[in-house]
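In case it helps, the UniProt record's numbering puts the sequence shown at residues 1 to 288.
This report concerns only the one structure given below.
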Amino acid sequence: MIQSMTGYGKNVIQLPNKKITIELKSLNSKGLDLNARIPSQYREKEMELRNTIASSLKRGKVDFGLYVEITGEETSSSINIPVVKEYIRQLKAVSPDAGDNEVEFMKMAVRLPDALKTEREEIDEEEFHAIADALNSALKEINKFRTEEGEALNKDFLIRIDNIKNLLSEVEKLDPERLNAVRERSTKAIADLKENIDENRFEQELIYYLEKLDITEEKVRLANHLDYFMSTLKSKESNGRKLGFICQEIGREINTMGSKANYAAVQQLVVQMKDELEKIKEQILNVL
1 MIQSMTGYGK
11 NVIQLPNKKI
21 TIELKSLNSK
31 GLDLNARIPS
41 QYREKEMELR
51 NTIASSLKRG
61 KVDFGLYVEI
71 TGEETSSSIN
81 IPVVKEYIRQ
91 LKAVSPDAGD
101 NEVEFMKMAV
111 RLPDALKTER
121 EEIDEEEFHA
131 IADALNSALK
141 EINKFRTEEG
151 EALNKDFLIR
161 IDNIKNLLSE
171 VEKLDPERLN
181 AVRERSTKAI
191 ADLKENIDEN
201 RFEQELIYYL
211 EKLDITEEKV
221 RLANHLDYFM
231 STLKSKESNG
241 RKLGFICQEI
251 GREINTMGSK
261 ANYAAVQQLV
271 VQMKDELEKI
281 KEQILNVL
């Protein structure tokens with residue numbers, strides 16, 4: 001069953017002092033293009049998180065966000081009291097005429113460099129295990145989303161392929177009429193020349209000409225490619241690249257058929273086939 005590369009997954013966990021949200025979004029891409037937004041205290045675990053995502057999603061332009069909201073009294077930042085006091089002392093010395101307005105000096109001092117000190121937090125292994133579990137839950141959600149999108153794509157592909165098959169059946173019905181029309185045009189053209197010709201030689205040349213316009217092989221190969229496309233849709237693994245290559249082969253046979261047809265009714269059917277195929281190609285870009 002095919003999967004789409006479009007998906008969304010989210011998981012929120014509540015720890016004693018913080019709420020952690022994990023969010024995953026994905027769109028189509030030729031390979032895996034992973035953009036991660038992670039707080040600095042979790043950077044040492046970034047590669048582990050990236051590897052988990054890569055092994056699950058495989059392809060797509062993926063945005064991964066890990067957001068932390070402090071909900072308890074815990075904080076990693078505190079006022080650097082000695083530095084602030086020194087700033088206030090210096091400010092008073094610079095502006096002796098400003099009086100003893102402690103509040104105003106305090107407002108200025110806390111805006112200056114190093115007024116706050118931030119202690120680097122060590123990652124708690126139990127907390128990281130909770131994050132890893134939340135990531136796996138978000139990955140299950142995004143893969144479910146991708147599978148549902150893939151089912152919708154699969155239905156559309158089946159309709160398009162069936163339409164091309166029906167158009168191919170119409171071409172097969174028209175083919176004898178097309179060849180007779182070519183024969184009649186050639187015979188009439190010779191007759192209009194009002195020249196005596198060798199009937200045997202003319203028949204040989206006409207057969208050679210009709211053989212060059214014969215589209216039997218193209219019809220057979222096109223039918224085979226359409227069946228191969230449908231069997232690939234049913235395979236266990238989603239393979240958008242393979243489906244894309246099959247589409248190229250389908251397009252090659254349709255184009256050759258159109259160039260050899262030399263008959264307006266058939267060429268009109270070929271145009272409709274191309275239209276259906278282009279709609280498939282547009283959606284194939286989104287298949288994993």
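Beta carbons are placed, not taken as given, at the ideal position from N, Cα and C, and that holds for glycine.
Anticipated Cβ contact below 8 Å, residue i with residue j, distance rounded
i           : j           : result
residue 110 : residue 94  : That belief does not hold up - the Cβ atoms of residue 110 and residue 94 are roughly 17 Å apart, past 8 Å.
residue 134 : residue 11  : 4 Å
residue 52  : residue 19  : That belief does not hold up - the Cβ atoms of residue 52 and residue 19 are roughly 21 Å apart, past 8 Å.
residue 376 : residue 44  : Here the chain comprises residues numbered 1 to 288, so residue 376 is not present and cannot be evaluated.
residue 240 : residue 138 : With a Cβ gap of about 23 Å, residue 240 and residue 138 do not count as contacting.
residue 150 : residue 56  : In fact, because the Cβ distance is near 15 Å, the residues do not count as touching under 8 Å.
residue 261 : residue 183 : The Cβ separation is near 15 Å, so there is no contact.
residue 212 : residue 247 : No, residue 212 and residue 247 are not in contact; Cβ-Cβ is about 27 Å, not under 8 Å.
residue 157 : residue 233 : 6 Å
Delimiting residues of the beta strand (DSSP E) encompassing residue i
i          : result
residue 65 : 60-70
residue 8  : 7-14
residue 23 : 18-27
residue 33 : 32-37
Contacting residues, own chain, Cβ-Cβ under 6 Å from residue i (five flanking each side not counted)
i           : result
residue 244 : 284
residue 147 : 3
residue 32  : 54 and 59
residue 180 : none
residue 112 : 87
residue 141 : 9
Buried or exposed (CB count within 10 angstroms, at least 16 for buried), residue i
i           : result
residue 14  : exposed
residue 250 : buried
residue 153 : buried
residue 235 : exposed
residue 287 : buried
residue 5   : buried
residue 159 : exposed
residue 273 : buried
residue 257 : buried
residue 231 : exposed
residue 225 : buried
residue 264 : exposed
residue 89  : exposed
residue 253 : buried
Sequence-distant residues of its chain with Cβ nearer than 7 Å to residue i (five each side left out)
i           : result
residue 80  : 114, 115, 116 and 117
residue 42  : 66 and 123
residue 92  : 105
residue 276 : 160, 163 and 164
Opening and closing residue of the alpha helix (DSSP H) in which residue i lies
i           : result
residue 251 : 240-261
residue 85  : 81-94
residue 222 : 216-233
residue 277 : 264-284
residue 49  : 46-57
residue 115 : That residue, residue 115, is in no alpha helix (DSSP H); it is neither H nor E in DSSP.
Own chain, CB closer than 8 Å to residue i, minus 5 neighbours either side, in chain order
i           : result
residue 108 : 87 and 91
Handout entry: Given 8 Å, three or more beta-carbon pairs between the region 168-180 and the region 257-273
Key = yes
Problem - Cβ pair count under 8 Å reaching 3, the region 48-67 against the region 19-28 - result: yes
Practice task
Would you check if there are 3 or more beta carbon pairs closer than 8 Å linking the region 160-172 to the region 209-224?
Solution key: yes
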